[in-house]
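Sequences listed follow chains A and B, in order. Using the numbering used here, you'd call the opening residue of the first sequence number 1 and step up by one each time. Using the numbering used here, you'd call the opening residue of the second sequence number 293 and step up by one each time. Here the structure is laid out as structure tokens; the discussion comes afterwards.
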Amino acid sequence: MDKPWNNKAWFLVLPVVVLVAFSAVIPLMTVVNYSVQDTFGQNVFFWAGTDWYEQTLASERFRDALVRNLVFSFLILAIEVPLGIAVALAMPRKGWGVSVCLVLMALPLLIPWNVVGTIWQVFGRIDIGLLGRVLADIGIDYNYTQEPIAAWATVIVMDVWHWTSLVVLLCYAGLVSIPDAYYQAARIDGASRWAVFRYIQLPKLKHVLLIAILLRFMDSFMIYTEPFVVTGGGPGNSTTFLSIDLVKMAIGQFDLGPAAAMSIVYFLIVLALSYVFYTVMTKTGADRPGGR
Amino acid sequence: MARIVLDGIAHSYLSEPRRPADWALKEINHTWEDGHAYALLGPSGCGKTTLLNLISGLLTPTKGRILFGEEDMTGLPPEARNIAQVFQFPVVYDTMSVFDNLAFPLRNRRVPEAEVKTRVAEMLDIIGLKDKARRKAAGLSADEKQKISLGRGLVRSDVAAILFDEPLTVIDPHLKWVLRSQLKHLHRRFGFTMIYVTHDQTEALTFADKVVVMYEGEVVQFGTPAELFERPRHTFVGYFIGSPGMNVLPAKVDGAEAMVGSHRIALEGSYGRPGNGAEIGVRPEFVRIAPAGEGVPVQIRGVEDVGRYRIVRTLLAGHELNAIAGEDEALPAEASALFDPGHVNVYVNSHLVEPEAR
Chain A
1 MDKPWNNKAW
11 FLVLPVVVLV
21 AFSAVIPLMT
31 VVNYSVQDTF
41 GQNVFFWAGT
51 DWYEQTLASE
61 RFRDALVRNL
71 VFSFLILAIE
81 VPLGIAVALA
91 MPRKGWGVSV
101 CLVLMALPLL
111 IPWNVVGTIW
121 QVFGRIDIGL
131 LGRVLADIGI
141 DYNYTQEPIA
151 AWATVIVMDV
161 WHWTSLVVLL
171 CYAGLVSIPD
181 AYYQAARIDG
191 ASRWAVFRYI
201 QLPKLKHVLL
211 IAILLRFMDS
221 FMIYTEPFVV
231 TGGGPGNSTT
241 FLSIDLVKMA
251 IGQFDLGPAA
261 AMSIVYFLIV
271 LALSYVFYTV
281 MTKTGADRPG
291 GR
Chain B
293 MARIVLDGIA
303 HSYLSEPRRP
313 ADWALKEINH
323 TWEDGHAYAL
333 LGPSGCGKTT
343 LLNLISGLLT
353 PTKGRILFGE
363 EDMTGLPPEA
373 RNIAQVFQFP
383 VVYDTMSVFD
393 NLAFPLRNRR
403 VPEAEVKTRV
413 AEMLDIIGLK
423 DKARRKAAGL
433 SADEKQKISL
443 GRGLVRSDVA
453 AILFDEPLTV
463 IDPHLKWVLR
473 SQLKHLHRRF
483 GFTMIYVTHD
493 QTEALTFADK
503 VVVMYEGEVV
513 QFGTPAELFE
523 RPRHTFVGYF
533 IGSPGMNVLP
543 AKVDGAEAMV
553 GSHRIALEGS
563 YGRPGNGAEI
573 GVRPEFVRIA
583 PAGEGVPVQI
593 RGVEDVGRYR
603 IVRTLLAGHE
613 LNAIAGEDEA
623 LPAEASALFD
633 PGHVNVYVNS
643 HLVEPEAR
């Protein structure tokens, strides 16, 4: 059991450590630094201790934004994951249709986020937008600049349009990797279409779904650009998510201390929730010895 | 249970087969008698799996009919046929327990739960996984998983036949023997028809009452292991079965004589004059090495000791000729080969010809 230790190996990871330090750790530490001090500019700082944190956690504005974010993430996951699986199941497995579908699916992912926002901002306008005009003409009271429900619907449909493709592509990759023998055995066993999905396809999709859900959760929880372009956080504060609120506070009001404290809390929430997701999803079904 | 009749079936994976090579399976007429154990032997890509999938209904034949007894099954899906199939790689339903895996085909067929319980319990006993019944199937070893695949086939009481598609490929060699004898035992006990695909001749010959040898989409011989050994109907069967395979030498056949190069070899019976494309086939077991002068002169090029006997590799008029020699038999420096006339077969265009008169 006496393994020789050779600390020279640390030099090999040094470049990565330096890179990560400059790109992540040092900026994060600056934020930590801001979060415990107060400043009025001119590089003058006063020690504030945990004041900003207490203020953030007690703030109704923060809690409202957090709830909005959680609801938003929950809704888009509840729509995008089943929809993504359904689309992936419906996609052809061979022939010319495969590449057509893959390209179509990849398209929304290639569009810059602010352009996605602009597309939907125009699309939904009741004066010139195709969607807005059609809805208004068939008598639906739709105005995303006035009504919170319409604004939410727009932001959610936009996110579904933008990101379901990612879930589809991940699931499709998972589906095509299932060997034919599984489907053949299921037919011999007399399994129904539902049983094939439930006992073959879904279990085999578990790992890609884990990745899809994690990515979609983190992304949606940190969403900024698209709703900012479409609604600017309005009407009122109805679509003001944490990131939008954070930018308002830091750049709009120049409250660096509270904004920094909020950033840290925000970051810890994302980290904690991702960890919970990951643990829960890898633990389910892992109750057997020797399992992956 | 019933016999399975293949009435002129052929299959092509193309929508419009034109050339003979487009057919994965050329026309086959064959009857699998009820309760027998068959081995389907052939090299990779010869159509074995295609034939199996046609019988189980995973594929629908391009031509011909499949009958179970008197009933036409040609267009029916696998779930409507009482056939079980075990695949090369073990298929288990990962999220289910071992018990549920075995119960799956029964529950899909709406068998009452009480009966499911007794049948699965019995099957767990047979495959020896009783103590793991409640375990998730995902964590088991490859051979345990294959036992489950096997069990899912055997658990159904209604199966007319069980098809095995090289089921022991992924199993450790020492377990292969165990599983194979277990299979034989089950076959004797339940009496279902068994069709066993393999490219391993030992497996085929030890396992089956009758062996079907396939080559390039055709059945080239159907017979008992002894028939395959002594009178291969096609040179391919000769090569494929036996170790080393049969010697096949191009020859000019004239009556009861064959000329290999300038050497005369006696045949049993008269074959007339078959003309071009004639070959003689003789198994190494029926070639004896003798001192020069006794038989046709050969050059010894190497000797391989394989344990109980030795393989003598020689050249006869430029053609390779293998012979079997005993462990203690002395090999002369100047050698000749003696052929057992009763075991020299004549082939024309690779197919066996019978003598006109013996």
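C-beta: ideal position from N, C-alpha, C; glycine also.
- For Val505 (chain B), the beta-bridge partners assigned by DSSP are B:Leu333 and B:Gln513.
- Thr164 (chain A) is positioned such that its CB atom lies closer than 8 Å to that of Leu83 (chain A).
- For Gly190 (chain A), the C-beta contacts it makes with chain B under 7 Å involve Glu371, Pro397, Asn400 and Arg401, in order along the chain.
- The Cβ of Asp464 (chain B) sits no closer than 8 Å to any Cβ of chain A.
- Just measuring C-alpha positions, the residue of B:Ile419, B:Leu398 and B:Asp386 sitting nearest Gly431 (chain B) is B:Asp386.
- Excluding residues up to 5 positions away in sequence, Phe62, Pro258, Ala261, Met262 and Val265 lie with their Cβ nearer than 7 Å to the Cβ of Thr56 (chain A) in the same chain.
- Going by DSSP, Lys468 (chain B) is part of the alpha helix (DSSP H) stretching over Pro465 to Phe482.
- Per DSSP, the unbroken beta strand (DSSP E) holding Trp315 (chain B) starts and ends at Trp315 to Trp324.
- Note that the C-beta distance between Val489 (chain B) and Glu458 (chain B) is below 8 Å.
- Against Tyr199 (chain A), the close residues of chain B are Tyr385, Thr387 and Met388, in the order they occur along the chain (beta-carbon pairs closer than 7 Å).
- Chain A has a Cβ within less than 8 Å of the Cβ of Ser348 (chain B).
- Inter-segment contact for the stretch 331-340 of chain B and the stretch 475-494 of chain B is present: three or more beta-carbon pairs are separated by less than 8 Å.
- Leu644 (chain B) carries a strand assignment under DSSP once its states are collapsed to helix, strand and coil.
- Between the stretch 374-394 of chain B and the stretch 459-479 of chain B, the count of C-beta pairs closer than 8 Å reaches three or more; the two stretches touch.
- Taking 8 Å as the cut-off, the beta carbon of Val87 (chain A) is found closer than this to the beta carbon of Val168 (chain A).
- DSSP, read as helix, strand or coil, puts Ile347 (chain B) in helix.
- Remark: C-beta atoms of Val447 (chain B) and Arg399 (chain B) do not approach each other more closely than 8 Å.
- Out of B:Leu344, B:Phe528, B:Thr527 and B:Asp314, the CA that lies nearest to the CA of Met486 (chain B) is found in B:Leu344.
- Setting aside the 5 residues that flank it on each side, Val640 (chain B) is surrounded in the same chain by Pro566, Gly569 and Ala570, each with a C-beta closer than 6 Å to its C-beta; the list follows chain order.
- Exposure of Pro624 (chain B) is indicated by the presence of fewer than 16 other C-beta atoms within 10 angstroms of its C-beta.
- Rounded to the nearest whole angstrom, the C-alpha separation of Tyr199 (chain A) and Val32 (chain A) is 48 Å.
- Where Asp492 (chain B) is concerned, there is no enclosing alpha helix (DSSP H), because DSSP gives it neither an H nor an E.
- For Phe381 (chain B), the chain A residues whose C-beta falls within less than 8 Å of its own C-beta are Pro179 and Ala181, listed in chain order.
- With 16 or more other CB atoms across the displayed protein chains lying within 10 angstroms of its CB, Trp324 (chain B) is buried.
- Residues of chain A with a Cβ closer than 8 Å to the Cβ of Ala376 (chain B) are, in chain order, Ile188.
- Bridge partners of Gly573 (chain B) according to DSSP: B:Val540 and B:Asn637.
- DSSP, read as helix, strand or coil, puts Ile375 (chain B) in strand.
- Membership of Asn237 (chain A) in any alpha helix (DSSP H) is not indicated, and neither H nor E is assigned to it by DSSP.
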